[in-house]
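Engineer: Residue numbers (the numbering used here): 5 to 221.
Shown next, in the form of structure tokens:
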């Protein structure tokens, strides 16, 4: 079983994050053997230069962030630029408006368009469903659509809209999703106890800006 540090994506997504902060984030991730760092698209190049080309620490960025209502073509274009800048994994935000309107074909096409491009580049895609804004039936439907789109991970939250990760949401996601699709919990993960509860519920990765706190107990 992986140690908690090996599940952490050391995250800094505040819009005014500095180059200095990103470099420090990368240094901490390498030092503590974290799974990855998650940064805004503007800082992907900086993070790649700091981590180096063959780092075990995965470089993650976000697309359609934080609200997911960008048009599909712009999400794909964001992916192209991020991959050109050296990213390993991309966390895209689901189109919540379309999901709420039950326009499931639109939601599927949006995710598939992004996932197909990312997979053609041999990269990893995660879909943020913003579980804290959804009821159980919507979480199930979002997961079913993500399964059809053959994504690598489903992620709970952006941390910018509605509630963050919850144990109940992760449990439900794990029940619905096949084992081949992993779960990333994020949003409000501030202490080790909560992190361990999320892992027990089925989370494979933890997106958090409090990674140092989690490994410090």
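Note that the Cβ used here is the ideal one computed from N, Cα and C, for glycine as well.
(1) From the DSSP output, read off the bridge partner residues of residue 12.
(2) Run through DSSP, which three-state label would residue 75 get?
(3) Classify residue 188 as buried or exposed, calling it buried when 16 or more other Cβ atoms lie within 10 Å of its own Cβ.
(4) Hey, could you find the ends of the alpha helix (DSSP H) residue 186 is sitting in?
(5) What would DSSP say about residue 57, mapped onto helix, strand or coil?
(6) Does DSSP put residue 163 in a helix, in a strand, or in coil?
(7) Quick one: any contact between the stretch 128 to 135 and the stretch 147 to 156, if contact means 3 or more CB pairs under 8 Å?
(8) Apart from the five residues just before and just after residue 169, which ones in its own chain have a Cβ nearer than 7 Å to its Cβ?
(9) What residue range does the alpha helix (DSSP H) around residue 120 cover?
(10) Compare the Cα-Cα distances from residue 34 to each of 51, 22, 20 and 24 and report the closest residue.
(11) Leaving out the 5 sequence neighbours to the left and right, which residues in its chain are closer than 7 Å to residue 83 when beta-carbon positions are compared?
(12) With residue 96 as the anchor, note down where its alpha helix (DSSP H) starts and where it stops.
(13) If residue 135 and residue 173 are in contact, beta carbons under 8 Å, what's the gap, nearest whole angstrom?
(14) So what's residue 218 in DSSP terms, helix, strand or just coil?
(15) In terms of residue numbering, what span does the beta strand (DSSP E) encompassing residue 128 cover?
(16) Between which two residues does the beta strand (DSSP E) carrying residue 63 extend?
(17) Using a Cβ distance threshold of 8 Å, determine whether the stretch 38 to 45 contacts the stretch 17 to 29, with at least three qualifying pairs required.
(18) Please say whether residue 61 and residue 86 have beta carbons closer to each other than 8 Å?
(19) Which residues bound the beta strand (DSSP E) around residue 41?
(20) Name the residue from 28, 137 and 91 whose alpha carbon lies nearest to the alpha carbon of residue 57.
Structural biologist: Short version:
(1) For this step, residue 12 is matched to residue 8 along the chain shown. DSSP, once it has assigned bridges, lists 210 as partnering residue 12.
(2) As a working mapping, residue 75 is identified with position 71 in the chain shown. Three-state DSSP puts residue 75 in coil, outside helix and strand.
(3) Translated into the one-based positions of the chain shown, residue 188 becomes position 184. It counts as buried.
(4) Here the question's residue 186 lines up with position 182 in the chain shown. Where residue 186 is concerned, there is no enclosing alpha helix (DSSP H), although the beta strand (DSSP E) it sits in stretches over 186 to 190.
(5) For this step, residue 57 is matched to residue 53 along the chain shown. Correct three-state label for residue 57: coil.
(6) What you label residue 163 is simply residue 159 of the chain shown in a count that begins at 1. Correct three-state label for residue 163: coil.
(7) Three or more pairs of CB atoms, one per stretch, sit closer than 8 Å, so the stretch 128 to 135 contacts the stretch 147 to 156.
(8) As a working mapping, residue 169 is identified with position 165 in the chain shown. Counting only Cβ-Cβ distances below 7 Å, and skipping sequence neighbours, we find 160, 161, 189, 190, 191, 192, 193 and 202.
(9) Here residue 120 refers to the residue found at position 116 when the chain shown is read from its first residue. 108 to 124 is the extent of the alpha helix (DSSP H) around residue 120.
(10) By 1-based counting over the chain shown, the position of residue 34 is 30. Nearest option by C-alpha distance: 51.
(11) In the chain shown, counting from the first residue as 1, residue 83 sits at position 79. Around residue 83: 67, 94, 118, 121 and 122.
(12) Position 92 of the chain shown holds residue 96. Not the alpha helix (DSSP H): residue 96 falls in the beta strand (DSSP E), residues 93 to 97.
(13) Here the question's residue 135 lines up with position 131 in the chain shown. Here the question's residue 173 lines up with position 169 in the chain shown. Contact annotation, residue 135 with residue 173: C-beta distance approximately 4 Å; criterion of less than 8 Å satisfied.
(14) Counting from 1 along the chain shown, the entry for residue 218 is found at position 214. Annotated three-state conformation of residue 218 is helix, per DSSP.
(15) Residue mapping note: residue 128 aligns to position 124 of the chain shown, counting from 1. In this chain, the beta strand (DSSP E) harbouring residue 128 covers 128 to 132.
(16) As a position in the chain shown, residue 63 is number 59, starting the count at 1. From DSSP, the beta strand (DSSP E) with residue 63 extends over 62 to 67.
(17) Because the criterion of three Cβ pairs below 8 Å is met, the stretch 38 to 45 and the stretch 17 to 29 touch.
(18) Taking the first residue of the chain shown as position 1, residue 86 is located at position 82. Taking the first residue of the chain shown as position 1, residue 61 is located at position 57. It is not a contact, given that the beta carbons lie outside the stated cut-off.
(19) In the chain shown, residue 41 corresponds to position 37, counting from 1. Where residue 41 is concerned, the enclosing beta strand (DSSP E) stretches over 40 to 43.
(20) Position 53 of the chain shown, counting from 1, holds the residue named residue 57. The shortest Cα separation from residue 57 among 28, 137 and 91 belongs to 91.
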